[in-house]
Amino acid sequence: MDATSLATLWATVALVIFLAIAVYVKVPKLIAKALDARADKISNELEEARRLREEAQQLLGQYQRKRKEAEQEAADIVAAAKREADMLAAEAHKKTEDYVTRRTALAEQKIGQAEREAIGEVRASAVDIAVEAARTLLAAKIDAKAGADLFQASLQDVKSRLN
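Numbers given in the numbering used here equal positions in the sequence shown, counted from 1, plus 1388.
What follows is the structure in structure tokens.
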């Protein structure tokens, strides 16, 4: 045998011995055990990730429901505030109309009272003027005593007709 084949033979023998020692020391079991442990760890991590994902989905669903509830509550509050504002505006409008109606009625009463007073004053002035004119005319035509009697009778007649 030549040197290269002898080296190859020794390399092969060393390899077989090394493999035999590795099998004797149970290196493949250790490698398999390490790989199994790593596979279990990866499997556990995947299971934990799946569980966390499901939990996150549940939380997301809860928060979406809460958000919708909050949006609905806000919409209800806005609608209630709008209804209340409309009601207050209608009430204020009605109160304003009532106030204007009362003020108009009061003004009409005052105008009516002023008209009645003016008519009374005009009548009184007309009576005074008529009495004075009648006295002046009668004084010129009738003597003093007859004039005074006639004046008194006319005055009583006018007073009774006005009242």
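C-beta atoms are modelled at their ideal positions from N, C-alpha and C, and glycine is treated no differently.
For residue i, the first and last residue of its enclosing alpha helix (DSSP H)
i: Val1411; result: Ala1391 to Tyr1412
Whether residue i touches residue j by CB criterion (8 Å)
i: Leu1538; j: Arg1511; result: no
beta-carbon residue i near the ligand ADP non-hydrogen atom, thresh 7 Å
i: Ala1425; result: As for the ligand ADP, it is missing from this structure, which has no ligand bound.
Item to check | Three or more C-beta pairs below 8 Å linking the stretch 1538-1547 and the stretch 1503-1521 | outcome: yes
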